[in-house]
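Participant: Okay, handing you the structure first.
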Amino acid sequence: MAADTIPRNKTFKDVIRNFGPAWFSVNMGIGAMSTLFHAYPYGSNLLGMKFTSLGFLLFNITSLLVFLSLTIARYTLWPDIWHLMLRHPAKSMFTGTFPMGLATILSASVQLVNQDFNVGGKALLYTLWGLWWMDSALSVVCCWGILHMMKTTQNHTLDAMSAVWLLPGATVIVAASVGVSLFMLCVGLTMAFMILTVYLLRLILHDIPSGAGALSVFLPLGPMGQGGFAVLLMGQYFRDFVGTTDGANGESDFLGQPDTARIVYIACVCLAFCLWSLATMWAVWAVMGIQQALRAKIEFKIGAWGLIFPNGVYANLSIALADTLDSPFFRVYGAVYGAGVILLWACIAARTLVAVYSKEIFEAPCLEEMDLGKAVIEEHGSEPKPSSTTTPPVQ
């Protein structure tokens, strides 16, 4: 019996089998770093900053291809894991991290490679445009599909709820911020507001999630920060392209009015500031709540990467508001917060390398059901009775 409790060394096959979708949150974090270095309010025009941003972009592309290869191998070798993962109330939420990670690559490629370094020309631009349509389709599928499965094939309870419920809706917000899609932005923000209301009720009634789940309290910064940035982009688009006299708006009386673009732009800036304020509110609550959880030792898991992207896009929104409003406060605040996010990324990346080397980070809670079923069959010669699964703590 004692021998059974000794953990065996994981093989490369074990690594593939336990390689869950949450790993694509690493791409989201790396993408946030590339964006921060590119938009940093001090020294972003320096060649060193641009090459640093480019280095993060290339690293992001490489890691995405590696993660995608491991994911394809996982579901090819063990196709049953796909269905187990989709039925898992927590791990299924992370399917949207792939299109969000890809979106950060597309955004940085347009701004950095195509515009700053003038590489690729129209051919690269149209390629990225085509990939954006694919990414948008995947985001929509994740948004509607996962929410549908939450209602039909998964069991959830309020006390076990966590902020990972925000991830399906966040996919369309991120996709909307890369292109110009007011529809996806409205859908994503509406879902975020509804889920955040329920999440606040959960926190009031049942306190901060325990263990590694406590880190999820920063996730609300994601849809608020990225949503505010997307709203700013929508306003800039209306200002620059709508209401012009070149006939691009057709016969629309609404879009053809010269004042329409200006009014929409002003409204978008005001809304972006409101979203920044909401994100700041959640950031303060997160800091107040997580210090309580950090007093106890929290086991390091891949979910720690969920800290990077939300805080990164919040810093990016602060910097974007500084440029829009020409505000010294937002410029300094965004720079300080962004520097903190960069330091946080370095700490989590270093800890991840150690955990990858020891292979302790490769865990997949959705496989517990499969392993338990096999153990029962081997011991008793019959399949176990199915049991309902409720949302476990976020790992």
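Heads up, my numbering is the position in the sequence shown plus 20, with the first residue counted as 1. Note that the Cβ used here is the ideal one computed from N, Cα and C, for glycine as well.
Are the region 317-325 and the region 377-385 in contact at 8 Å, needing three or more beta carbon pairs?
Facilitator: Short answer: they touch.
Participant: I think A303 touches V194, with their Cβ atoms under 8 Å apart; what is that distance to the nearest whole Å?
Facilitator: Within the sequence shown, residue 303 is the residue found at index 283, counting from 1. Within the sequence shown, residue 194 is the residue found at index 174, counting from 1. A303 to V194, Cβ: 19 Å. No contact.
Participant: Can you tell me whether DSSP reads L314 as helix, strand or coil?
Facilitator: Your numbering for residue 314 matches position 294 in the sequence shown. If DSSP states are grouped into helix, strand and coil, L314 belongs with coil.
Participant: Look at the alpha carbon of I101 and the alpha carbon of A110, and state the distance between them as a whole number of angstroms.
Facilitator: Here the question's residue 101 lines up with position 81 in the sequence shown. Here the question's residue 110 lines up with position 90 in the sequence shown. Distance between the alpha carbons of I101 and A110: 14 Å.
Participant: Would you grab the beta carbon distance between Y62 and A355 for me? Rounded to a whole angstrom, and I think it's under 8 Å.
Facilitator: Numbered from 1 along the sequence shown, position 42 holds the residue referred to as residue 62. Numbered from 1 along the sequence shown, position 335 holds the residue referred to as residue 355. Right, the Cβ-Cβ distance comes to about 6 Å (below 8 Å), so this counts as a contact.
Participant: Does the beta-carbon of F44 have 16 or more other beta-carbons within 10 angstroms, so that it is buried, or is it exposed?
Facilitator: Walking along the sequence shown from the start, residue 44 turns up at place 24. Its Cβ being crowded by 16 or more others within 10 Å, F44 is buried.
Participant: Could you give the residue range of the alpha helix (DSSP H) that holds Q246?
Facilitator: Here residue 246 refers to the residue found at position 226 of the sequence shown. Where Q246 is concerned, the enclosing alpha helix (DSSP H) stretches over L241 to F261.
Participant: Looking at C-beta atoms only, is the number of pairs between the region 241-259 and the region 191-210 that lie closer than 8 Å three or more?
Facilitator: A contact exists between the region 241-259 and the region 191-210.
Participant: Alpha carbon to alpha carbon, how far is F32 from C294?
Facilitator: Indexing the sequence shown from 1 puts residue 32 at position 12. Indexing the sequence shown from 1 puts residue 294 at position 274. About 47 Å.
Participant: In the DSSP assignment, find the unbroken alpha helix (DSSP H) run with Y95 in it and report its ends.
Facilitator: Taking the sequence shown and counting its residues from 1, one reaches residue 95 at position 75. Its alpha helix (DSSP H) spans residues L67 to L97.
Participant: Looking only at its own chain, which residues have a Cβ that is under 7 Å from the Cβ of L291, when we skip the five neighbours before and after it?
Facilitator: Residue numbering aside, residue 291 sits at position 271 when the sequence shown is read from its first letter. So the qualifying residues of the chain are V251.
Participant: Report yes if the C-beta distance between M53 and W305 is below 8 Å; otherwise report no.
Facilitator: Position 33 of the sequence shown, counting from 1, holds the residue named residue 53. Position 285 of the sequence shown, counting from 1, holds the residue named residue 305. Result no, Cβ atoms of M53 and W305 do not sit closer than 8 Å.
Participant: If you reduce the DSSP assignment to three classes, tell me which class S64 lands in.
Facilitator: One-based indexing of the sequence shown puts residue 64 at position 44. S64: coil per DSSP, three-state reduction.
Participant: Near V200, which residues of its chain fall below 6 Å by C-beta distance, leaving aside the five closest residues on each side in sequence?
Facilitator: As a first step, residue 200 is located in the sequence shown; it is residue number 180 there, counting from the start. Contacts found: Y257.
Participant: Along the chain, where does the alpha helix (DSSP H) containing H108 start, and where does it finish?
Facilitator: Indexing the sequence shown from 1 puts residue 108 at position 88. No alpha helix (DSSP H) contains H108, which DSSP labels as neither H nor E.
Participant: Measure the CB-CB distance between S297 and V198 and report whether it falls below 8 Å.
Facilitator: Taking the first residue of the sequence shown as position 1, residue 297 is located at position 277. Taking the first residue of the sequence shown as position 1, residue 198 is located at position 178. No, these two residues do not count as a Cβ contact at 8 Å.
Participant: Using a Cβ-based criterion (distance less than 7 Å to any ligand heavy atom), does V284 qualify as near the ligand ADP?
Facilitator: Looking at this structure, you won't find the ligand ADP or any other ligand, since it has none at all.
Participant: Less than 8 Å between the C-beta atoms of S236 and S182, yes or no?
Facilitator: On the sequence shown, position 216 is the one that residue 236 refers to. On the sequence shown, position 162 is the one that residue 182 refers to. Their beta carbons are under 8 Å apart, which means S236 touches S182 by this criterion.
Participant: Between Y60 and the rest of its own chain, which residues show a CB-CB distance below 8 Å, the 5 nearest in sequence each way excluded?
Facilitator: In the sequence shown, the residue the question calls residue 60 occupies position 40. Closer than 8 Å at Cβ, skipping near neighbours: M69, I339, A355 and G358.
Participant: Where does V35 sit, in a helix, a strand or coil, going by DSSP?
Facilitator: By one-based count along the sequence shown, residue 35 stands at place 15. Of the three classes helix, strand and coil, the one that applies to V35 here is helix, per DSSP.
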